[in-house]
Structures are given as structure tokens and as C-alpha cells.
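Under this note's numbering, the residue at position 147 of the sequence shown is numbered 202, and the numbers go up by one with no gaps.
The beta-carbon is built from N, C-alpha and C at its ideal position, and this holds for glycine as well.
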Amino acid sequence: MDFPNQLYDARAEFIAMLAVAVSALYDSLSSGALIWASGLTIYRIFFHPLRSYPGPLIGRISGFYHTYHALKKDQARNLERLHEKYGTIVRYGPNHISLRSAEAVKMLYTNSRYVRKADSYLAFPRNPENASLFSCISKQVHARKRRILRHGFSDSALKSAEITIKKHVNTFCRCLEFLQNDSQEGDAVCGNATPLLGQWSRPKNFSDWINRFTFDVSSDLSFSKTFDTMRYATNRHVIKILHTTLWADNVTGTSMKLFHTWRLKWLLFSYHVRSTVTFDSFILEASNDRMSKVVDSKKDFMFWLTGAVDPSTGDTFSMEELVEEAILLITAGSDTTSTAISSTMFYLLHNTDKLAKLQSEIRNVFTSTEQIQFSNDLQSCTYLRACINEGLRLSPPAGSVLHRQVEPSGVQVGEHFFQEGVNIGVPVFALHHDEEYFSDPFSFQPERWIVGETLKDGTIITPESLRHSSSAFMAFSAGTRDVSESRWRTFKSRFSSRP
56 MDFPNQLYDA RAEFIAMLAV AVSALYDSLS SGALIWASGL TIYRIFFHPL RSYPGPLIGR
116 ISGFYHTYHA LKKDQARNLE RLHEKYGTIV RYGPNHISLR SAEAVKMLYT NSRYVRKADS
176 YLAFPRNPEN ASLFSCISKQ VHARKRRILR HGFSDSALKS AEITIKKHVN TFCRCLEFLQ
236 NDSQEGDAVC GNATPLLGQW SRPKNFSDWI NRFTFDVSSD LSFSKTFDTM RYATNRHVIK
296 ILHTTLWADN VTGTSMKLFH TWRLKWLLFS YHVRSTVTFD SFILEASNDR MSKVVDSKKD
356 FMFWLTGAVD PSTGDTFSME ELVEEAILLI TAGSDTTSTA ISSTMFYLLH NTDKLAKLQS
416 EIRNVFTSTE QIQFSNDLQS CTYLRACINE GLRLSPPAGS VLHRQVEPSG VQVGEHFFQE
476 GVNIGVPVFA LHHDEEYFSD PFSFQPERWI VGETLKDGTI ITPESLRHSS SAFMAFSAGT
536 RDVSESRWRT FKSRFSSRP
């Protein structure tokens, strides 16, 4: 046999040996992975500390169940279905518990000493070192931020926002009345257009326009720079970036190890990561432009917070922290406010008797739109507040579980004790539709929020029944996490919802 043939035979033998080795390694790894997965499944079903709580089998075995429904954007509805099937407590993840009860609201949010925000909130801040009020998980840092942020949500700050909100409300109304379609720019009709008295305007997508309205308001109130998405189409793409970014962050928050530790977020959501950078640059440019105006008489969000001081420590916000809070105000503020207004208007337009009752209340208090302002007269519109509450109950902006992680002390909720590390929370949409707290829960009845009113089934609202219902109402959150910004969002909703 000559040398080339010997070399060929040796190479073939080596390749054959390598193939056998790779095959053996694959079989070994496959067997090992199968054994590991089987062992983990058996542990989570039969030996896990949460094994006694009911829930879907796939959810008790794998966290991908929660991620799947986050991708589908039906977490809130799915949790409501699970609670209808399994009861008050549902185990929807290997280490995740959903509690549908007012007692859980009290123990996990109002009295939060036994829990902290879950690690899933770390999916939201661009820089964890400067996490916003919403995304910081440290109680000490949150308390400091809350004390400083109170300056931005004081009565004086709300009062100074009136002119800005009125300006955008007028633009919003003119766009709905005069524009021919949803893609048209509103600048052409913001002058002296002739009112369409006694005529129908062209149909509009109310959701699109209310998103533009709240985005313009939030940006203007933040740093006196409106992005004019109602008047011009130039910046309308930013709203889409905002919504897709919030969705991607929500999905990645369901499995921090999968999406952050293993870096799959950058692989699966590369478009959304790039969109986040674009949006943040957009906000940073606006913030820097605002901060460069040393002398500015307009009292916007930056005005109130630039010199705001923590009364306990004397601390102030750094520029990086101010930008993060501005991003929060625009993203969460505009998104949740648009949901509140859209849902309220949807239910009012589908319940004309309620709409007529609200119109009567507002027109009896105010004789013209110019009179509507942040005053005792607006506060006296009890049916307006009831309509907004009912809209928020039926369609809460954050309808899924507001995740909390149990502290080392553990937490007792009713008869159930949960140990350190358990991811626990209340499913807002499911709680808001629980007949234990709200009779005929899927019907729009603002009267349920007013003592002395009568519901469709003949139930008379008493102070006791109202307290019982209110204990299960958490439109944005509850407790210390809901002190400042929900007040701001509710103010914008009440000021803007004027049929």
C-alpha cells in the first residue's frame, strides 16, 4: 500500500473515531439533560415548597408558561381565567403565586414590610444605577426618590399644569372634529376652522389620537417641549417605539436569567433594543435642551425637580436620575393615562344613559369649557370620578400581576405563609372582576362608587359596601408605590375626560 492510501485510511479512521466520540458525547449530554429535566420536573411537582397550590401543570413545571402569555399580551385575561378555574390562589410558575384577594393587596402593597419589588423590575431601567421610582427595587432608594418627587406632584405643580393640558385638549378636540382621517396632520385645523355645527365628523381611531394626546401632554409637562404628534406626523413613530419597548421589557421581565443573564434579549428583541436606544436618545436630547435653559419661567416637571431636596437627607437628583424620571413620566405616564381615558370613553359611549348623566353633572357645574380648571368645582364632580374609577376597574392599565418578592421574614396572607424568595402578587384585572367585591363585575356601573346609589340588581351602595369594594381596587398600584404618579395620572384623566 502506498503512502497516499495509508494517509487516506488514517484520516478516515480518525474521522470515524471522532464521529463515534461526538455521538457518544451527544448521547451522554442528551441523557444528562433528560435526567436533569426529569429530576427538576419531579421536584417542582412533588417536592417544591409551593407544590400544594393549584395551577396549570406546564406553569408549575416551567417559567416559559408565563413568558408565553407575555408574548401573547394576554397575561391579565389568562390569570383571570386561571382564578376562575382554581380559586383564590394560583401557582402559575414554578416559584410564582397569584393571590386574588383584598387581604393580599393589604399585605403585599399597602403594608409592604414583608416584601420588596421583584427582580423582574430590573428589566426596565436602562441603567440600574439610576433606576426610576418605578423600577428601583431597593426600599431605601425608593423612599428617597418618593420624598424628592413629591415636589413634582404637589398641588402647586398640578395647578401650574392646567394651561398646558387645556392647550392640548383643545388641539385634540379640533383634530377629532375636523380631520378627514387618522394619518392627517392636525396643524391645518388648529387655526380658525369653522365648527361643524349639527354635522357628523369623520370617524377616527380614538385610541390612536388619545395616545398622541397623552404623549404630547406628558412631554410638554416634563420639559416644556411637546413632540406635537397630534399636529405633525414627524414624531408619531416614537409612540410605536414606546409601546413596543414596554412590551419587550415586560416579556424579558418574566425570565431575567433567560433574557438578561443568557443575553437572549439582544438576540430575540434586537429591534426593540435598538428602538429603546432611539427613544432614550430622543428623551435625552429633549432633557439636555431643557436643562440648558437656565432662566425659564414655565414651571414644568424639570422646574419642580431640579432644585427639589430630600427633607430627610438633603439629597437632590442627579442629571441622570432626572432623565430616568422624565422617561418614566412619558412612558408610564402617557401609556397608563391613555388607557384610563380610552377605557372610560369606550364604556361611556356604549352606555348612553351614563354618558347623559355625566354630561348633566359637568354642565351643571361649568357653563363653558373655559371654566374647567383644577379647583373645588372639579373635585365636586363625583360622578366624573366614579366614571373614571369604573373605567379603570374594568380596564386597568396594569392588569397583570404586580410582582413582589418575599423578604427573609416571610409573609402571612390569610391562612397561607410564604417563605423567602417566593415571587408573589395580585392579578389586578382578575381582582377587579371578582364577584366577591364587585357585583355584576363585567358591567359598567359608576354608581357602585357613590354611597346611596342603586345598582342594576337593586343593591344600594352603603359606606360599608363601598369600603369593601375599594379594598380590592388598585388601578395603578397601592400603598407607598402609588403615592405620587397615580395622583398625576388621575388628575390628567379627570381634567381631560369632559364629554
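Query: Cut-off 7 Å between Cβ atoms - residues of its own chain near Pro451, not counting five sequence neighbours on either side; Result: Val483, Phe484, His487, Ala530
Query: Where the alpha helix (DSSP H) containing Asn166 begins and where it ends; Result: Asn166 -> no alpha helix (DSSP H), and no H or E assigned at all.
Query: Residues near Phe337 by beta carbon distance below 7 Å, same chain, minus five either side; Result: Val293
Query: Nearest candidate by alpha-carbon position, reference Gln130, set Thr226, Val306, Phe401; Result: Val306
Query: One or two residues paired with Arg146 in a DSSP bridge; Result: Ile152
Query: Start-to-end residues for the alpha helix (DSSP H) that takes in Ile427; Result: Careful: Ile427 lies outside any alpha helix (DSSP H) and carries neither H nor E.
Query: Reduced DSSP secondary structure (H/G/I, E/B, other) of His471; Result: strand
Query: Gln195 - containing alpha helix (DSSP H), residue span; Result: 194-204
Query: Residue burial classification, Gly513 (beta-carbon count within 10 angstroms, cutoff 16); Result: exposed
Query: For Phe69, the three-state DSSP class (helix, strand or coil); Result: Note on Phe69: pLDDT 48, under 50, position unreliable in the model; the coordinate value appears next. DSSP places Phe69 in helix when its eight states are reduced to three.
Query: Outcome for Trp255 when other beta-carbon atoms lying within 10 angstroms are tallied against a minimum of 16; Result: exposed
Query: Tyr120 vs Gly148 beta-carbon contact at 8 Å; Result: yes
Query: The segment 285-305 in contact with the segment 418-429 per 3-pair CB rule at 8 Å; Result: no
Query: As assigned by DSSP and simplified to three states, the class of Val461; Result: strand
Query: DSSP state of Ala207 mapped onto helix, strand, coil; Result: According to the sequence as given, residue 207 is Gly; it is not Ala. Of the three classes helix, strand and coil, the one that applies to Gly207 here is helix, per DSSP.
Query: Inter-residue spacing [alpha-carbon to alpha-carbon] between Leu394 and Ser262; Result: Sequence inspection shows Thr at residue 394; the Leu mentioned does not correspond to that position. Roughly 8 Å separates the two Cα atoms.
Query: Contact under 8 Å by Cβ, Arg171 with Gln434; Result: no
Query: Expected contact under 8 Å - CB spacing of Arg115 and Ile100 to nearest Å; Result: 6 Å
Query: Reduced DSSP category for Val364 - H, G, I as helix; E, B as strand; rest coil; Result: coil
Query: Exposed unless 16 or more other CB atoms sit within 10 angstroms - verdict on Glu379; Result: buried
Query: Residues near Val466 by beta carbon distance below 7 Å, same chain, minus five either side; Result: Met162, Tyr169, Val170, Phe473
Query: First and last residue of the uninterrupted beta strand (DSSP E) at Ile479; Result: 478-480
Query: Neighbour-count burial assignment, Ser153, 16 or more Cβ in a 10 Å radius; Result: buried
Query: For Ile515, the residue or residues it bridges with in DSSP; Result: Thr509
Query: Inter-residue CB distance, Ala157 and Ser526 (contact presumed, cutoff 8 Å); Result: 4 Å
Query: Bounding residues of the alpha helix (DSSP H) (the contiguous stretch that carries Met400); Result: 374-404
Query: Range of the contiguous alpha helix (DSSP H) that encloses Phe227; Result: 217-233
Query: Buried or exposed (CB count within 10 angstroms, at least 16 for buried), Trp91; Result: exposed
Query: Short Cβ contact (8 Å threshold) for Gly241 with Thr219; Result: no
Query: Limits of the alpha helix (DSSP H) - the one that Asn305 falls within; Result: 291-307
Query: Segment contact, 8 Å Cβ cut-off, at least three pairs: the segment 396-410 with the segment 198-215; Result: no
Query: Sequence-distant residues of the same chain with beta carbon closer than 6 Å to Glu540, five excluded per side; Result: With a pLDDT of 49 at Glu540, under the threshold of 50, the modelled position of this residue cannot be trusted; read the value that follows with caution. So the list is empty, once near-sequence residues are dropped.
Query: Cβ-based burial, Thr331 [other Cβ within 10 Å; buried from 16]; Result: buried
Query: Residues near Ile385 by beta carbon distance below 8 Å, same chain, minus five either side; Result: Phe270, Ser273, Ser274, Ser277, Leu297, Ile338
Query: Exposure of Gln500, with buried meaning 16 or more beta-carbon neighbours within 10 Å; Result: buried
Query: Alpha-carbon to alpha-carbon, Ala363 and Gly369; Result: 9 Å
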